[in-house]
Amino acid sequence: MRVIVIGSGMGGASTAYHLARRGAEVVVVDADRPGSATDAGAGIVSPSTSAWDDAMYPLAAAAGRYYPELTAELAEAGHESSYEVVGALVVSAVEAELTEAYDRVVARTGDAGVVQRLDPAQAREVFPPLAPDLAAVHVSGSARVDGQVLRRALISAAIDQGVEFVTAEASLEPGLRVRAGEPALDGDAVVLAAGAWSAEVASALGVPVPVEPLRGQISHFSLPGTETAGWPVVLPRTSHYLLAFPGGRVVAGATREAGVGFDHRVTARGQAEVLEQALAVAPGLADAGLIETRVGFRPVTPDSLPLLGQVAPGLFLATGFGPAGLTLGPYAGKLIAGLVLGEDVPGDELGPCAPGRFA
Ligand SMILES: Cc1cc2nc3c(=O)[nH]c(=O)nc-3n(C[C@H](O)[C@H](O)[C@H](O)COP(=O)(O)OP(=O)(O)OC[C@H]3O[C@@H](n4cnc5c(N)ncnc54)[C@H](O)[C@@H]3O)c2cc1C
């Protein structure tokens, strides 16, 4: 079977990798647009602390559980993924909020690891820049990943398996042909994984794909001489958060900006919001160096759930991952590969994400 995959963010890269592992002939086309969500994404992989409802949680939890298997497989093939289980701190100065967070995470039995309360001093031992009034719920099973590194690993591993990679703007034509230069590409199936741009690509065939960009601005700081590799993810009770990577790199994000289209700029307001929120939670970052601010477009749907499945004969969607595609994308790509190849996939996991729900 020959499959054309449009887009190579986390959704497309994972789908291509899993298709190739199962023996499909795969061509990936990516336009290298500025604002790929995967390249800007923070990298929190923590389904048990996320606000998924009961219908969506099986997919999110399975996605979290799949990470160790996938990254071990990539490591064996010589591709570093950057995935690490570092734990998470849900932080607050309000006792009732911590109690609610503890109860909610504990109810996600099996995915959270060990869940325990930390007083402010204990919380600062594991994340030193934290504000002195913040206590925490520590969740040992949460993890982080560098989206750029994992994406590269999946693409390299896919290319090792024979996947052809084309850098070009792809458009869809009747007869399920993909135009990305000459000649047009023909396949038995097309997987549309063009992130926030998916609606625009599908519109050429008159297929509605209700995905819009939600801009995120996210800043990276340096703490020279500080070993941050083991620091946990920090989750305040807002949409902002902090996490760390090896080598003194701390990441603070992110804005959630609707209605700005594909305007790929760091704005004064966005930068101010990120800095203000980061320093409110972690005043110890005041002297950190500001390395860069990344901008990415989360592909969001009207009900905030992904679009995973077939929308027209031979045309499959792997998009709409919103703010959680680094968590969901690797596993979703495996499921979409299975669907394309006509295999049985867990219906309870994909059900809430069926593209037909908006028809
Ligand atoms: C600031 C920020 C922080 C985030 N933090 C997290 C987090 O901590 N945890 C988490 O799980 N998720 C997080 N996310 C969400 C996650 O990054 C996204 O859901 C995920 O990366 C989406 O992947 P994607 O492959 O669908 O889209 P993208 O990564 O945007 O990839 C789409 C690709 O399609 C290509 N493309 C577009 N149009 C065409 C075309 N016509 N032809 C060919 N190629 C095309 C683009 O060039 C791009 O490479 C965050 C996102 C942002 C922006």
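Numbering (the working numbering), first residue to last: 47 to 405. For each residue, glycine too, the CB sits at the ideal point set by N, CA and C. Just so it is clear, the structure is predicted and the values come from calculations on it, not from any experiment.
Which same chain residues end up closer than 6 Å to residue i when comparing Cβ atoms and leaving out the 5 residues on each side of it in sequence?
i, result
"I50", "V73, V224, L231, G233 and V236"
"A199", "L120, H125 and S127"
"A245", "V255 and V257"
"S350", "G368"
"E215", "A77"
"G45", "Any property of residue 45 remains undetermined from this structure, which presents the chain solely from 47 to 405."
"P270", "G294"
What's the gap between the Cα of residue i and the Cα of residue j?
i, j, result
"H64", "G208", "12 Å"
"L281", "Y129", "18 Å"
"P278", "G221", "49 Å"
"E171", "V151", "22 Å"
"G276", "G89", "14 Å"
"V320", "R197", "25 Å"
"P359", "R111", "31 Å"
"Y377", "L105", "8 Å"
"D157", "P229", "48 Å"
"E219", "L180", "55 Å"
"A7", "V183", "In the structure displayed, the chain extends from 47 to 405; residue 7 sits before or after that span and is not available."
"F404", "P398", "11 Å"
"P345", "A169", "34 Å"
"L396", "A109", "12 Å"
"Y113", "F343", "23 Å"
"A324", "L288", "7 Å"
"A66", "G388", "15 Å"
Buried or exposed: which applies to residue i, given that a residue is buried once 16 or more other Cβ atoms fall within 10 Å of its Cβ?
i, result
"I337", "exposed"
"G402", "exposed"
"V296", "buried"
"D206", "exposed"
"Y347", "In the sequence under discussion, the amino acid at residue 347 is Thr, which differs from the Tyr named in the question. T347 should be labelled buried."
"V160", "exposed"
"Q406", "Nothing about residue 406 can be read from this structure; the chain reaches only from 47 to 405."
"T284", "exposed"
"R154", "buried"
"G316", "buried"
"L303", "Checking the sequence, you will find Glu at residue 303 rather than Leu. So E303 counts as buried."
"A290", "buried"
Can you check which of these residues, the options, is closest to residue i by C-alpha distance?
i, options, result
"A204", "A62, V391 and M47", "A62"
"G307", "V341, A298 and G335", "V341"
"T272", "A328, A334 and S285", "A334"
"G294", "A101, A66, E322 and F173", "F173"
"A248", "S138, L135 and G53", "G53"
"W243", "E303, A153, P259 and P178", "P259"
"G299", "P178, A101 and H266", "H266"
"H286", "Q162, S96 and G366", "S96"
"E115", "C399, V386 and K380", "K380"
"G81", "G241, A226, V327 and A142", "G241"
"P352", "D165, W98, E122 and A250", "W98"
"P292", "R302, A304 and S268", "S268"
"G187", "T274, A59 and A134", "A134"
"P93", "M47, Q323 and R190", "R190"
"G305", "R261, A326, A318 and T274", "R261"
"A253", "A226, S217 and T274", "Going by the sequence as given, residue 253 is Val instead of Ala. It is S217 whose Cα lies nearest to the Cα of V253."
"D394", "T145, L144, A318 and Y103", "Y103"
Considering only residues of the same chain and omitting the five flanking positions on each side of residue i, which have a CB-CB separation below 7 Å?
i, result
"I382", "T61, V237, L354, F362 and A364"
"T213", "D76 and D78"
"A167", "none"
"H310", "P80, G81 and V341"
"F211", "V74, I201 and I205"
"G375", "M56, G57, S60 and F367"
Tell me, to the nearest whole angstrom, how far the beta carbon of residue i is from that of residue j; I am working on the premise that it is less than 8 Å.
i, j, result
"G55", "A86", "That pair is no contact at about 10 Å."
"G57", "A239", "4 Å"
"L372", "V91", "7 Å"
"V185", "V131", "Actually they do not touch by this definition, with Cβ atoms about 10 Å apart."
"A177", "A328", "7 Å"
Spatial neighbours of residue i within its chain, please: C-beta separation below 8 Å, excluding the five flanking residues on both sides.
i, result
"V44", "Because residue 44 is not part of the residues shown, which for the chain are 47 to 405, the question remains open."
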